[in-house]
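Using the working numbering, you'd call the opening residue of the sequence shown number 579 and step up by one each time. One structure is given here, and the rest of the page talks about it.
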Amino acid sequence: MKITLLCENEVCDMHWLAEWGFSAFIEYGGQKILFDTGFSDVYRHNAARAGVDLDSADFVALSHFHNDHTGGLRHHGFTGRKKILMHPRVLKELANPKSKSFAKGYREIHRILTQDFDVVPAKGATEFTKGAFFLGEIPRSNDFEAGEFDGDSMPDDTALAFRTDKGAVVVTGCSHAGICNICDYAKQVTGQPLYAVIGGFHLLAEDNPPLDETIAYFKAEAPEVLLPMHCVDFPALVAFHNEFGSRKYAAGDVIEL
579 MKITLLCENE VCDMHWLAEW GFSAFIEYGG QKILFDTGFS DVYRHNAARA
629 GVDLDSADFV ALSHFHNDHT GGLRHHGFTG RKKILMHPRV LKELANPKSK
679 SFAKGYREIH RILTQDFDVV PAKGATEFTK GAFFLGEIPR SNDFEAGEFD
729 GDSMPDDTAL AFRTDKGAVV VTGCSHAGIC NICDYAKQVT GQPLYAVIGG
779 FHLLAEDNPP LDETIAYFKA EAPEVLLPMH CVDFPALVAF HNEFGSRKYA
829 AGDVIEL
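See the structure below:
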């Protein structure tokens, strides 16, 4: 399994571009998945730099509707229609004029999704290729994770999970649903213990994240690989490094599992 980080807040060296957002190109079991697209065309620049052919993607998947994960669709450049997996709320929010971020390109993203892609709405966990799951709506199983952002319960926020010989690999976009909630559900869906958890963990001080409880959760679960990025502030990154030796990965990095 190979994960190429195409968009992240930082870069691995000076040859890449960064922005506040997330995008990953995942190769698993002979299939290729583009997971999120960042905010702009940064992911396309970095894909070209990495030698990643985005047009070879078998699936596109969106973690939630926020434009730092969906905005890059405005620059997709695919030569044919792609299947794109998302919670059904994503389209509704992109078309909602009452959304607080509606003016930030959402109307155009909605138009492109409905015009250029074959939308596959998935509210429940969906095995979209053998051993690979779009998790859909995440049960809130931990009372220390409210699963809310700016007053929004974010039922569309989700992640991908993959069965491997070493255990479940979880790739998250932003984890508004709660990183521990997501991992609990990934274990349930895959039937495996956690092996790797990679992506945005949404541990930001202004949102009062339960950092101590999150650290305790992962100490108990003991995944071999823990790579927080994107929406994780510096104190949380330091805490994960001190407890687990986690390294901060960035745009241009490749993770092989």
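Note that the Cβ used here is the ideal one computed from N, Cα and C, for glycine as well. As the structure is a computational prediction, the values presented were derived from the model and not from experiment.
Confirm, please, whether the CB-CB distance from S618 to A737 is below 8 Å. no
Residues of its chain near L815, where Cβ-Cβ distance is below 8 Å and the 5 sequence neighbours each way are ignored: P806, S824, K826
Is it true that the CB of G607 sits closer than 8 Å to the CB of A710? yes
I'd like the list of long-range same chain contacts for T792, defined as Cβ closer than 7 Å, with 5 residues on each side in sequence excluded. I757, C758, L781
Do you know offhand how far D790's Cα is from F656's? 43 Å
Among all the DSSP beta bridges, which residues are the ones paired with R741? A746
Can you check the segment 601-658 for any alpha helix (DSSP H) of at least 4 residues that lies completely inside it and give the ranges in chain order? 620-628, 645-648
Mind checking who V589 pairs with in its DSSP beta bridge? A829
Helix, strand or coil: how does DSSP classify G823 here? coil
Answer with buried or exposed for H644, where buried requires no fewer than 16 other C-beta atoms within 10 angstroms of its C-beta. buried
Could you compute how far the alpha carbon of F680 sits from the alpha carbon of M592? Summary for F680: the model assigns pLDDT 49, below 50, so the residue's position carries little reliability; its value from the coordinates is reported in the next sentence. Computed Cα separation, rounded: 33 Å.
Which partner residues of A755 appear in the DSSP bridge assignment? DSSP lists no partner for A755.
Give me whichever residues DSSP pairs with P806 in a beta bridge. G777
The beta strand (DSSP E) spanning K797 covers which residue range? Segment 789-799 is the alpha helix (DSSP H) holding K797; no beta strand (DSSP E) there.
Do I662 and A639 have their C-beta atoms closer together than 8 Å? yes
Measuring CA to CA, which of E821, P771, C809, I776 is closest to A794? E821
Rounded C-alpha distance that separates V697 from M664: 8 Å
Can you name, in chain order, every residue of its own chain whose Cβ lies under 7 Å from the Cβ of R652, other than the five neighbours on each side? G683, E686, I687, I690
Decide if E586 is buried, meaning its Cβ has at least 16 other Cβ atoms within 10 Å, or exposed. buried
Against chain C, does A783 count as a neighbour if the rule is that its beta carbon must be under 8 Å from one of theirs? As a matter of chain content, chain C is missing from the structure shown, which is built from one protein chain.
Classify K610: buried if its beta carbon has 16 or more other beta carbons within 10 angstroms, exposed otherwise. buried
Using only CA atoms, which one of Q770, L612, G629 lies nearest to A635? L612
Under DSSP, the alpha helix (DSSP H) around T692 begins and ends at which residues? 684-694
Count the other C-beta atoms from every protein chain shown that fall within 10 angstroms of the C-beta of I581, then say buried if there are 16 or more, exposed otherwise. buried
Mind checking who L782 pairs with in its DSSP beta bridge? Answer is none; L782 lacks a bridge partner.
Backbone CA spacing between F722 and S731 [nearest angstrom]: 14 Å
Looking only at its own chain, which residues have a Cβ that is under 8 Å from the Cβ of D762, when we skip the five neighbours before and after it? P717, S719, N720
Using alpha carbons as the reference points, say which of L583, H754, E834 lies closest to P788. H754
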